[in-house]
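Please read the structure below before turning to the comments.
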Amino acid sequence: METFLQLVAKDLYAKIGNDLSHTAIVFPNKRARLFFNEYLAAETDRPLWSPAYVSISELFRQLSPLKLGDPIRLVCELYKVFREETHSEEPLDDFYFWGELLISDFDDVDKNLVEADRLFNNLQDLKNIMDDHDFLDKEQEEAIRQFFHNFSIEKRTELKNKFISLWDKLGDIYRHFRANLAEAGIAYEGMMYRNVIEQLDTDRLRYDRYVFVGFNVLNKVETRFFKLLQDAGKALFYWDYDVFYTTLPRLQHPPYTHEAGEFILRNLSMFPNQLPETAFDTLRKPKKVRYISAPTENAQARFLNEELRLNEESRMKNQELPCGVTAQPNSRLKDTAVVLCNEALLLPVLHSIPQEVKNVNITMGFPLAQTPVFSFINALTEMQTIGYHAGTGRYTYETVLAVLKHPYTRRLSPKAEALEKQLTVDNRFYPLPSELKQDAFLEQVFTPQNGIAALCGYLTGLLREVAVIYRQEEEESEDIFNQLYRESLFKSYTLVNRLLNLIETGDLADVRTETLKRLLNRLLTSANIPFHGEPAIGMQIMGVLETRNLDFRNLIILSLNEGQLPKAGGESSFIPYNLRKAFGMTTIEHKNAVYAYYFYRLIQRAEHVTLLYNTSSDGLNRGEMSRFMLQFLIESPHPISREYLEAGQSPQHNRHIDIAKTPEMLQQMYDAYDIHRHPKAFFSPSALNAYLDCRLRFYYRYVMGLKAPDEVSAEIDSALFGTIFHYAAELVYKDLTANGKEIRKEDLEYLLKNEVKLQDYVDRAFKEKFFHVPSTEQPEYNGTQLIHSKVIASYLRQLLRNDLQYAPFRMEGMEQDVKEAMEIDTPQGKLTLQIGGTIDRLDSKGDTLRIVDYKTGGTPKTPENIEQLFTPAENRPNYIFQTFLYAAIMCRKQSLKVAPSLLYIHRAASDSYSPVIEMGAPRQPKLPVNNFAFFEDDFRERLHSLLQEIFNPEETFSQTEDTKKCEYCDFKRLCKR
């Protein structure tokens with residue numbers, strides 16, 4: 001295969017010879033010069049004077065006295081002009097992003113040499129000049145007629161009025177803006193191009209000869225530039241194309257113009273090619289073409305791994321070499337290119353390259369948005385803006401956590417991890433800066449910033465701190481990602497510093513913080529970090545634009561989907577489509593034709609073409625192959641193999657988990673619950689309920705000691721809601737019993753009238769159990785928390801109303817810990833263990849001790865008998881099991897009758913409500929449990945059996961059959977339920 005650049009090098013050397021020092025070779029981009037230089041050197045074994053290489057944009061910059069302006073400064077300059085011309089009070093924040101749009105339109109106006117006075121004319125005048133349309137061809141005239149057909153000046157709307165009033169000012173804004181930029185010695189690219197072409201003197205050009213290689217679509221400035229040099233005898237032109245999409249369609253019946261050849265045909269007629277047409281009939285030569293559909297984007301990257309590995313093995317195996325000569329791996333990978341239509345595939349592709357491929361050249365930049373420094377800057381700006389409340393002087397936990405968890409923070413602060421854990425334990429979702437400043441680095445990080453200049457200075461200061469990490473890791477500098485991250489840090493620092501300079505000079509002084517954030521994010525997400533490598537060695541990984549002028553024997557194109565090639569959607573513009581078309585400006589048809597040319601030109605010389613596309617439809621991707629693939633499927637002179645990738649299916653069958661009790665496990669359990677070894681160990685009602693509901697859950701939690709990680713949440717779940725209510729009730733009765741244990745009706749009546757006092761109890765409970773702040777500090781409720789606070793206050797009033805009916809009574813204890821030792825038989829011998837827990841409330845009246853368990857959720861249940869409490873089932877009354885366990889303990893600790901009670905606060909509003917537990921079969925009279933002594937022996941016998949079963953080696957820890965119990969289980973991921 002002879003590439004286009006080889007053809008050009010051979011022809012140019014034949015025409016000019018060894019001395020190319022007075023020749024400049026102009027490419028559309030920089031990439032081609034590296035390959036061309038190699039081909040040129042191969043034309044002779046003698047030294048030669050190398051030509052100058054320049055891209056078209058570099059050439060115009062060299063020829064212009066103006067400097068290319070900073071994009072942000074350009075918008076700020078345009079804003080000043082806009083304010084002067086329109087007397088608008090629109091803030092820079094609102095103007096900025098459509099200001100960019102306007103500069104893009106001005107750029108297109110200048111590059112296509114549009115007469116701005118005519119374009120930005122008063123629309124009524126523009127309609128009138130239809131009578132004088134000498135400057136329009138028939139197609140342009142029809143486009144402008146179509147515009148006025150759709151846009152009636154007579155029928156006004158508010159939006160149309162706004163458009164017309166601004167349009168009438170655009171001519172003045174355009175002229176004023178250009179004048180101001182010229183005075184400052186800067187320009188946007190289109191202005192620079194136009195300035196060059198209007199003042200160009202071909203006699204004063206630096207080189208005798210300019211060779212234009214591999215261009216396609218030309219704007220009006222480039223066309224005039226080429227024409228001036230051609231007329232001066234200083235230009236040579238080399239166009240790359242194929243007769244398949246240029247000449248052959250013109251020979252069909254009826255003849256037509258192929259989309260890919262539209263601009264090349266125009267160029268060939270104006271600027272004849274130095275190479276003969278016979279050199280451009282390669283697309284019809286034999287090729288192996290494969291179309292492969294993939295179910296996902298990443299599947300394509302995984303296919304690439306296998307494809308490259310098999311190709312390399314096959315090539316090495318079949319390579320015919322003289323005896324004694326060893327095949328060199330990767331010797332022909334230089335002829336292989338992987339082209340990514342979706343540049344987000346770069347990282348998956350890099351990770352998919354097989355070990356057999358030793359040399360890879362990546363022409364695409366690595367996205368700065370995928371580096372740690374981007375996430376660090378993002379976390380810091382979020383924390384200092386939306387994460388900081390100036391009124392309260394507090395940060396939000398979520399934004400603080402993002403900073404504390406970042407690898408840079410962990411490397412630079414030895415206290416970051418401990419601080420994160422402490423915030424989690426304390427549930428501090430509104431921490432103060434003072435409690436976050438644990439060391440010098442954290443003090444710098446958690447100092448609030450006021451204003452955009454302070455924010456930028458803050459970011460640059462912290463980026464300088466991060467630079468220390470990479471200075472300490474110089475020995476790892478050979479690592480490719482380490483180099484990339486170091487460069488990304490430098491690039492980010494430069495971008496933030498650039499914004500800071502613009503703020504200090506006044507260009508961005510009036511910008512709001514939100515706009516600065518969007519600006520910074522746009523700058524960082526659009527930035528790329530170049531890979532360092534040897535372009536002429538190894539396999540090439542490229543974006544579509546980098547393939548211009550280059551040819552490869554083996555071509556693999558990934559993500560060739562509609563929407564990726566051509567790119568979906570046209571670019572926004574303030575100039576309506578029909579006017580753009582009428583005045584010869586860039587339209588969507590131009591862009592589609594350019595992408596068609598890129599596609600056909602890329603495959604025309606390749607011998608092995610593999611095109612992959614993604615069939616999944618998600619987001620903007622419709623799961624369709626590109627229109628160019630469909631077109632080539634019809635037009636192709638070669639057979640096309642249709643293949644598909646299929647993800648390997650390995651259905652997972654959830655096996656039933658049964659964990660046998662080993663001697664080691666039993667010994668561990670024995671040691672853990674033996675009170676002679678661990679006096680504080682005990683079986684709580686929660687542990688025993690866990691065993692009865694799901695033995696496996698008991699194993700995970702109480703044998704292996706696993707538990708869900710602590711989390712900070714601004715949400716209040718049912719368990720936390722109950723905890724806050726319990727504590728608020730405890731505070732109430734602590735005050736009521738401060739001078740004695742008797743609870744009197746008049747005290748309750750007085751408290752019920754004092755709304756402020758009741759709310760204070762709730763606030764104190766929130767501070768202690770939720771906010772974890774000192775009692776002197778005012779809690780910061782959000783909307784949901786405030787609702788919860790009011791509901792808990794109403795529940796507290798309901799509790800007091802219920803107690804008012806029961807009063808007077810004696811408060812015996814609140815949140816009281818109770819335990820009792822029991823002895824059971826185990827394989828290891830007798831084991832003395834404890835049962836126990838915390839009783840919400842103990843009160844007495846007459847000869848009865850009441851055990852009161854508060855419930856803020858759930859439904860009261862009525863067990864038929866004691867056996868039902870110990871029988872695993874969907875509706876097993878576990879709350880009653882807990883209360884009965886406490887009752888059994890208290891029966892042995894004092895002489896009063898014990899009455900276990902469940903007080904469902906949310907159901908206690910009726911006058912007839914009673915918290916007393918009842919037992920009995922359905923549709924039979926119910927027996928209130930006013931004296932637990934009648935049930936104690938039966939309960940204890942079953943409890944003893946349950947504890948012995950837990951230590952029985954024959955009984956396994958198995959999963960529950962009731963999957964409803966798995967819905968909110970902390971361990972459901974472990975057992976795959």
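Oh and the sequence shown: position 279 is 279 in my numbering, straight run, nothing missing. All C-beta atoms in this analysis are idealised placements derived from N, C-alpha and C, irrespective of residue type, glycine included.
Out of L310, E624, L799, point me to the one whose CA is closest to Y904's CA. For the purposes of this step, residue 904 is taken as the residue at position 904 of the sequence shown. Looking at the Cα atoms, L799 is the closest of the given residues.
Counting along the chain, where does the beta strand (DSSP E) carrying M542 start and finish? The residue given as residue 542 occupies position 542 in the sequence shown. 539-543 is the extent of the beta strand (DSSP E) around M542.
Cα separation between K980 and I103? There is simply no residue 980 to check, as the chain begins at 1 and stops at 977 in what is shown.
My understanding is that L696 touches F957, with C-beta atoms under 8 Å, so please give their C-beta distance in whole angstroms. On the sequence shown, position 696 is the one that residue 696 refers to. On the sequence shown, position 957 is the one that residue 957 refers to. Rounded, the Cβ-Cβ distance is 5 Å, consistent with contact.
Counting pairs of Cβ atoms below 8 Å between the stretch 201-217 and the stretch 87-94, do you hit three or more? no
Taking the CB atoms as reference points, tell me whether P51 and V211 lie closer together than 9 Å. Position 51 of the sequence shown holds residue 51. Position 211 of the sequence shown holds residue 211. Yes, these two residues count as a Cβ contact at 9 Å.
Which word fits N549, buried or exposed, when buried means at least 16 other C-beta atoms lie within 10 angstroms of its C-beta? Start at 1 with the first residue of the sequence shown, and residue 549 comes out as number 549. Buried is the call here.
Kindly identify the DSSP beta-bridge partner or partners of V817. By 1-based counting over the sequence shown, the position of residue 817 is 817. In the sequence as presented, Val is not what sits at residue 817; that position holds Asp. Looking at the DSSP assignment, D817 forms a beta bridge with T838.
Let me check one thing: in DSSP terms, what residues is Y577 bridge-paired to? Within the sequence shown, residue 577 is the residue found at index 577, counting from 1. DSSP lists no partner for Y577.
Any idea what DSSP makes of M625, helix, strand or coil? Residue numbering aside, residue 625 sits at position 625 when the sequence shown is read from its first letter. M625: strand per DSSP, three-state reduction.
Where does Q564 sit, in a helix, a strand or coil, going by DSSP? Here residue 564 refers to the residue found at position 564 when the sequence shown is read from its first residue. The answer is strand: DSSP assigns Q564 an E or B state.
Excluding the five sequence neighbours on either side, which residues of its own chain have a C-beta within less than 7 Å of the C-beta of F978, listed in chain order? Given that the chain is displayed from residue 1 to residue 977, the structure contains no residue 978 and the question cannot be resolved.
Just to check my reading of the structure: A527 and L368 have Cβ atoms closer than 8 Å, yes? What is that Cβ distance to the nearest angstrom? On the sequence shown, residue 527 is found 527 positions in, with the first residue counted as 1. On the sequence shown, residue 368 is found 368 positions in, with the first residue counted as 1. In this structure A527 touches L368 by the C-beta definition: roughly 4 Å separates them, less than 8 Å.
Look up F4 in the DSSP assignment and say whether it is helix, strand or coil. On the sequence shown, residue 4 is found 4 positions in, with the first residue counted as 1. DSSP places F4 in helix when its eight states are reduced to three.
Can you tell which of T336, G171, I917 has its C-alpha closest to the C-alpha of R309? Along the sequence shown, one-based indexing puts residue 309 at 309. Selected option, being the one with the closest Cα: T336.
Is it the case that the Cβ atoms of L218 and F263 are separated by a distance below 9 Å? Indexing the sequence shown from 1 puts residue 218 at position 218. Indexing the sequence shown from 1 puts residue 263 at position 263. Yes, the pair counts as a contact, with Cβ atoms nearer than the cut-off.
Residues near D659 in its chain [Cβ-Cβ closer than 8 Å; skip 5 each side]: Your numbering for residue 659 matches position 659 in the sequence shown. Contrary to the premise, residue 659 reads as Ile rather than Asp in this sequence. Cβ neighbours of I659 beyond the five flanking positions: L696, Y699, T956, F957, S958.
Could you tell me which of Y207, L34, L758 sits nearest to L20, measuring between CA atoms? Counting from one through the sequence shown, the residue named residue 20 turns up at place 20. Considering only alpha carbons, the answer is Y207.
Alpha helix (DSSP H) containing S901: first to last residue? Counting from one through the sequence shown, the residue named residue 901 turns up at place 901. Counting along the chain, S901 falls outside any alpha helix (DSSP H), though it belongs to the beta strand (DSSP E) covering 897-904.
Count the other CB atoms, across all protein chains shown, that sit within 10 Å of the CB of F934; report buried if there are 16 or more and exposed otherwise. Counting from 1 along the sequence shown, the entry for residue 934 is found at position 934. Label assigned to F934: exposed.
Note down, one range per segment and in chain order, each beta strand (DSSP E) of at least 3 residues found wholly within the stretch 356-440. 360-362
How would you label W167, buried or exposed, when you count the other beta carbons within 10 angstroms and need 16 or more for buried? Here the question's residue 167 lines up with position 167 in the sequence shown. So W167 ends up on the buried side.
Three Cβ pairs or more, each shorter than 8 Å: is that satisfied between the stretch 249-259 and the stretch 512-522? no
How would you call Q894, buried or exposed, if buried means at least 16 neighbouring beta carbons within 10 angstroms? Taking the first residue of the sequence shown as position 1, residue 894 is located at position 894. Q894 is exposed by the Cβ-count criterion.
Closest to I469 by CA distance: which of I503, L412, E189, T424 is it? As a first step, residue 469 is located in the sequence shown; it is residue number 469 there, counting from the start. From the listed residues I503, L412, E189, T424, the smallest Cα separation to I469 is found for L412.
Between the CA atoms of E90 and M1 - distance to the nearest angstrom: In the sequence shown, counting from the first residue as 1, residue 1 sits at position 1. In the sequence shown, counting from the first residue as 1, residue 90 sits at position 90. Going by the C-alpha atoms only, they are around 60 Å apart.
Alpha carbon to alpha carbon, how far is E189 from T586? Give it in angstroms, no decimals. Here residue 586 corresponds to residue number 586 of the sequence shown, with the count starting at 1. Here residue 189 corresponds to residue number 189 of the sequence shown, with the count starting at 1. Cα-Cα distance, rounded: 15 Å.
Can you tell which of L101, Y53, H253, A690 has its C-alpha closest to the C-alpha of D970? One-based indexing of the sequence shown puts residue 970 at position 970. Closest by alpha carbon: A690.
Quick one: is N578 buried, meaning 16 or more other Cβ sit within 10 Å of its Cβ, or exposed? Within the sequence shown, the letter at position 578 stands for residue 578. Burial state of N578 is buried, judged by a 10 Å Cβ sphere holding 16 or more other Cβ atoms.
Rounded to whole angstroms, what is the Cα-Cα separation between N554 and A14? If you number the sequence shown from 1, residue 554 lands on position 554. If you number the sequence shown from 1, residue 14 lands on position 14. Cα to Cα, the separation comes out at about 29 Å.
Please go through the same chain and pick out, in chain order, the residues whose beta-carbon is closer than 6 Å to the beta-carbon of F683, but skip the five residues on each side of it. Looking up residue 683 in the sequence shown gives position 683. Cβ neighbours of F683 beyond the five flanking positions: I835.
For L12, which residues from the same chain have a beta carbon less than 7 Å from its beta carbon, with the 5 sequence-adjacent residues on both sides left out? Start at 1 with the first residue of the sequence shown, and residue 12 comes out as number 12. Taken in chain order, the residues that qualify are V211.
Beta-ladder partner(s) of F212, from DSSP: One-based indexing of the sequence shown puts residue 212 at position 212. Answer is V26, F237, bridged to F212.
What number of angstroms, rounded off, separates the C-alpha of S293 from the C-alpha of A568? As a working mapping, residue 293 is identified with position 293 in the sequence shown. As a working mapping, residue 568 is identified with position 568 in the sequence shown. Cα to Cα, the separation comes out at about 20 Å.
Minimum C-alpha distance to F599 - residue among I851, Y241, L833: Counted from its first residue, the sequence shown places residue 599 at position 599. The option with the nearest alpha carbon to F599 is Y241.
Assigned exposure category for P915 - 16 Cβ within 10 Å defines buried: Along the sequence shown, read from residue 1 onward, the residue named residue 915 stands at position 915. Buried, by the Cβ-count rule.
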